[in-house]
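Let me begin by presenting the structure, written as structure tokens, before commenting on it.
Chains as they are written, first to last, in this note's numbering: chain D, 1 to 394; chain Z, 1 to 131.
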């Protein structure tokens, strides 16, 4: 990895050394490795204290009370627990949900499961910039709507939704509002009370924490019912049975505490690097930004590069860790469904590149990456058919 | 840096070197074969110089994944000396075997086969194209 410039922080991030230090304190024979449910002895109580400290740290970042936080294995489980759990608990109240076409598969597939169980789901089409307008949500709401689920920040294009406006709409109508904040938490301000969020999915590994741990933040007043997805020891108030991984949970707490302290400075620095990268790439003809230029998280830059196939560009850049919306690159049958939901043609979706920056991205890396991308784009375009049409010769 | 198991060494080499990419020399009469659609992710143009009923030189231009580029490059060497009938009968499975193309990409190779056969249809005496 040392020779590769890592620009895939929207997929996952390196664990911050300060987070690692906290995790290590919960792993060794002299550390807080005991089962946090075993509070009949001192080691168990120390582990429990670690878990509760982390719960406080995670809650603080999103304006919640610690008792609202339920640990999960990640945002996918949190999304499933929120959507399936809330819909199944409230099925006698209604059978309709609202979401958007550009949600993460953890949300879309949970919704499809509910359709198989007899629920109806409205999939809103975002505008060309990736924004789902609150008025679209308002028009989609029905008397039997149970839940609206929208992501805070889109994982492919980095666009942020207006959560507060949708939260108010839902609150006024008694509709539950679920937000998948896997990409946004710790990068843009989010507050469950201010934004009217009833269910908030979180993860650690997008924020320089460990993989394998996340949380669902659940409204407490008035109390919100969920049917659990798994059963066993009754941990997490019976909503998520299973022994808590103290080191993972403590790591998530540390990651969220660091993010709370450094969010503003990280965002400013990363935004500057993203603009440096974008200004270098946009100097090439045929390069378009995907998503709204203003309402976006600092670290994600998605571009469509006309005349270059995404997988070929990735293959030509083995020294960069980036991702593509190309169907070939992901070995799926279709190009990125997110870019298509924005109205991008298959041609441009095939030619997309997502560059995502993180806390450890440096200016030197960005300058090198920009130069490498520009070089390979020009090389691949010179091989393309349009170079021939234009009279170009190699 | 770990190797990418999606690509054989030969695919990677041909993709990076892109030998045979470009156009035939200016003014050179060429038989062209074009196939594919960028909306579908692969588009190929093959250009053959023909003399005495055989391909004497070949070039390609392509938009597509590394496998498409690599096979197009390989074809510019493989089809030197070919007759019209060879182009008509060329089958994508040969390239799949030689370049160790994964099954998920077999559909892309049909685009290359279509381009080769399109060139056969444009063969001198059939229907002539020039660059």
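All residues carry an ideal CB built from backbone N, CA and C; glycine is no exception. Because the structure is a prediction, the values reported are computed rather than measured.
Less than 8 Å between the C-beta atoms of residue 322 of chain D and residue 344 of chain D, yes or no? Walking along the first chain from the start, residue 322 of chain D turns up at place 322. Walking along the first chain from the start, residue 344 of chain D turns up at place 344. Contact flag unset, no.
Measuring alpha carbon to alpha carbon, tell me which residue in D:148, D:34, D:356, D:281 is nearest residue 111 of chain D. In the first chain, the residue the question calls residue 111 of chain D occupies position 111. The shortest Cα separation from residue 111 of chain D among D:148, D:34, D:356, D:281 belongs to D:148.
Please determine if the stretch 89-109 of chain D and the stretch 61-81 of chain D are in contact, where contact requires at least 3 C-beta pairs separated by less than 8 Å. yes
For residue 347 of chain D and chain Z, any beta-carbon pair shorter than 8 Å? Indexing the first chain from 1 puts residue 347 of chain D at position 347. Closer than 8 Å: yes.
Span separating the alpha-carbon of residue 128 of chain Z from that of residue 69 of chain Z: Locating residue 128 of chain Z in the second chain gives position 128, where the first residue counts as 1. Locating residue 69 of chain Z in the second chain gives position 69, where the first residue counts as 1. Here residue 128 of chain Z scores only 48 on pLDDT, less than 50, and its place in the model is too uncertain to base an answer on.
Run through chain D and tell me which residues come within less than 8 Å of residue 124 of chain Z, C-beta to C-beta. Position 124 of the second chain, counted from the start, is the residue given in the question as residue 124 of chain Z. Per Cβ cutoff of 8 Å: no residues; residue 124 of chain Z is ~21 Å from chain D at best.
My output table needs one value for residue 107 of chain D: the three-state DSSP class, helix, strand or coil. Within the first chain, numbered from 1, the residue matching residue 107 of chain D stands at position 107. It is helical.
Three-state secondary structure (DSSP) of residue 250 of chain D: For the purposes of this step, residue 250 of chain D is taken as residue 250 along the first chain, with counting starting at 1. Correct three-state label for residue 250 of chain D: helix.
On a Cα-Cα basis, can you pick out the residue from D:49, D:381, D:298 that is closest to residue 396 of chain D? Absent from the model: residue 396 of chain D. The displayed extent of chain D is 1 to 394, so no value can be given.
Can you check whether the CB of residue 160 of chain D is closer than 8 Å to the CB of residue 338 of chain D? Counted from its first residue, the first chain places residue 338 of chain D at position 338. Counted from its first residue, the first chain places residue 160 of chain D at position 160. Not closer than 8 Å, so no.
Run through the stretch 197-274 of chain D for me and flag every whole beta strand (DSSP E) of 3 or more residues, listed as ranges in chain order. Runs of the beta strand (DSSP E) spanning 3 or more residues and lying entirely within the stretch 197-274 of chain D occur at 199-203, 214-218, in chain order.
For chain Z, is any of its Cβ atoms less than 8 Å away from the one on residue 311 of chain D? Counting from 1 along the first chain, the entry for residue 311 of chain D is found at position 311. At least one chain Z Cβ lies under 8 Å of residue 311 of chain D.
Residue 278 of chain D (DSSP reduced to helix, strand or coil): In the first chain, counting from the first residue as 1, residue 278 of chain D sits at position 278. In this structure, residue 278 of chain D counts as helix in the three-state DSSP scheme.
Rounding to the nearest angstrom, what Cα-Cα distance links residue 55 of chain Z and residue 3 of chain Z in this structure? Within the second chain, numbered from 1, the residue matching residue 55 of chain Z stands at position 55. Within the second chain, numbered from 1, the residue matching residue 3 of chain Z stands at position 3. Their Cα atoms are separated by approximately 36 Å.
Once the 5 residues before and after residue 82 of chain D are set aside, which same chain residues still bring their CB inside 7 Å of it? Taking the first residue of the first chain as 1, we reach residue 82 of chain D at position 82. So the qualifying residues of the chain are 178, 199, 201, 216.
Beta-carbon separation (whole angstroms), residue 30 of chain Z vs residue 48 of chain Z, contact threshold 8 Å: Position 30 of the second chain, counting from 1, holds the residue named residue 30 of chain Z. Position 48 of the second chain, counting from 1, holds the residue named residue 48 of chain Z. Rounded, the Cβ-Cβ distance is 6 Å, consistent with contact.
Step through the CB atoms of chain D and report whether any lies within less than 8 Å of the CB of residue 66 of chain Z. Indexing the second chain from 1 puts residue 66 of chain Z at position 66. Residue 66 of chain Z counts as touching chain D.
Suppose you measure from the CA of residue 111 of chain Z to the CA of residue 103 of chain Z; what does that come to, to the nearest Å? Start at 1 with the first residue of the second chain, and residue 111 of chain Z comes out as number 111. Start at 1 with the first residue of the second chain, and residue 103 of chain Z comes out as number 103. Residue 111 of chain Z and residue 103 of chain Z: Cα-Cα distance of roughly 15 Å.
Within 10 angstroms of its Cβ, does residue 97 of chain Z collect 16 or more other Cβ (buried), or is it exposed? For the purposes of this step, residue 97 of chain Z is identified with residue 97 of the second chain, where counting begins at 1. Result: exposed.
I'd like to know if residue 217 of chain D contacts chain Z, where contact means its C-beta is closer than 8 Å to some C-beta of that chain. As a first step, residue 217 of chain D is located in the first chain; it is residue number 217 there, counting from the start. No, no contact with chain Z.
Answer yes or no: do residue 236 of chain D and residue 4 of chain D have a C-beta to C-beta separation smaller than 8 Å? On the first chain, residue 236 of chain D is found 236 positions in, with the first residue counted as 1. On the first chain, residue 4 of chain D is found 4 positions in, with the first residue counted as 1. The answer is no: Cβ separation not under 8 Å.
Using a C-beta cutoff of 8 Å, does residue 315 of chain D count as contacting chain Z? Here residue 315 of chain D is taken as the residue at index 315 of the first chain, counted from 1. With 8 Å as the cut-off, residue 315 of chain D counts as an interface residue toward chain Z.
Can a CB atom of chain Z be found closer than 8 Å to the CB of residue 350 of chain D? The sequence position of residue 350 of chain D within the first chain is 350, counting from 1. It does; some Cβ of chain Z falls within 8 Å.
How many Å lie between residue 207 of chain D and residue 123 of chain Z at the Cα? Taking the first residue of the first chain as 1, we reach residue 207 of chain D at position 207. Taking the first residue of the second chain as 1, we reach residue 123 of chain Z at position 123. So the alpha carbons of these two residues sit roughly 60 Å apart.
Alpha carbon of residue 15 of chain D to alpha carbon of residue 205 of chain D, nearest angstrom: As a first step, residue 15 of chain D is located in the first chain; it is residue number 15 there, counting from the start. As a first step, residue 205 of chain D is located in the first chain; it is residue number 205 there, counting from the start. For residue 15 of chain D and residue 205 of chain D, the gap between their C-alpha atoms comes out near 7 Å.
Taking only the alpha-carbon atoms, compute the straight-line gap between residue 11 of chain D and residue 156 of chain D and give it to the nearest angstrom. For this step, residue 11 of chain D is matched to residue 11 along the first chain. For this step, residue 156 of chain D is matched to residue 156 along the first chain. Their backbone Cα atoms lie some 9 Å apart in a straight line.
Where residue 79 of chain D and residue 180 of chain D are concerned, what is the direct C-alpha to C-alpha distance, given to the nearest angstrom? To locate residue 79 of chain D, count along the first chain from 1; it is residue 79. To locate residue 180 of chain D, count along the first chain from 1; it is residue 180. When rounded, the distance between both Cα atoms is 7 Å.
Nearest-angstrom Cα distance between residue 273 of chain D and residue 356 of chain D? Locating residue 273 of chain D in the first chain gives position 273, where the first residue counts as 1. Locating residue 356 of chain D in the first chain gives position 356, where the first residue counts as 1. In a straight line, the C-alpha of residue 273 of chain D is about 10 Å away from that of residue 356 of chain D.
Whose CA, out of D:154, D:152, D:172, lies closest to the CA of residue 145 of chain D? Locating residue 145 of chain D in the first chain gives position 145, where the first residue counts as 1. Measuring from the Cα of residue 145 of chain D, the nearest candidate turns out to be D:172.
Since I believe residue 228 of chain D is in contact with residue 238 of chain D (beta carbons under 8 Å), could you give me their beta-carbon distance rounded to a whole number of angstroms? Locating residue 238 of chain D in the first chain gives position 238, where the first residue counts as 1. Locating residue 228 of chain D in the first chain gives position 228, where the first residue counts as 1. Confirmed, Cβ separation roughly 6 Å.
Since residue 95 of chain D is in the beta strand (DSSP E), which residue starts that stretch and which ends it? The residue labelled residue 95 of chain D in the question sits at position 95 within the first chain. Careful: residue 95 of chain D lies outside any beta strand (DSSP E) and carries neither H nor E.
In chain order, what residues of the same chain lie with their CB nearer than 7 Å to the CB of residue 38 of chain D, ignoring the 5 residues before and after it? Numbered from its first residue, the first chain carries residue 38 of chain D at position 38. Excluding residues within five positions, the ones whose Cβ falls inside 7 Å are 44.
Among residues of its own chain, excluding the 5 on either side of residue 45 of chain Z, which ones have a beta-carbon nearer than 8 Å to its beta-carbon? For the purposes of this step, residue 45 of chain Z is identified with residue 45 of the second chain, where counting begins at 1. Within its own chain, the residues whose Cβ lies closer than 8 Å to the Cβ of residue 45 of chain Z, once the five positions on either side in sequence are excluded, are 32, 33, 34, 60, 61, 62, 115, listed in chain order.
Endpoints, the beta strand (DSSP E) within which residue 33 of chain Z is located: Reading the second chain from its first residue, position 33 is the one you call residue 33 of chain Z. It spans 31-37 - the beta strand (DSSP E) in which residue 33 of chain Z sits, taken as one unbroken run.
Could you work out which residues of chain D lie near residue 15 of chain Z, taking near to mean beta carbons separated by less than 9 Å? For the purposes of this step, residue 15 of chain Z is taken as residue 15 along the second chain, with counting starting at 1. Near residue 15 of chain Z (Cβ distances below 9 Å), the residues of chain D are 312, 315, 316.
Whether residue 158 of chain D touches residue 302 of chain D by CB criterion (8 Å): Here residue 158 of chain D refers to the residue found at position 158 of the first chain. Here residue 302 of chain D refers to the residue found at position 302 of the first chain. Yes, Cβ-Cβ distance for residue 158 of chain D and residue 302 of chain D is below 8 Å.
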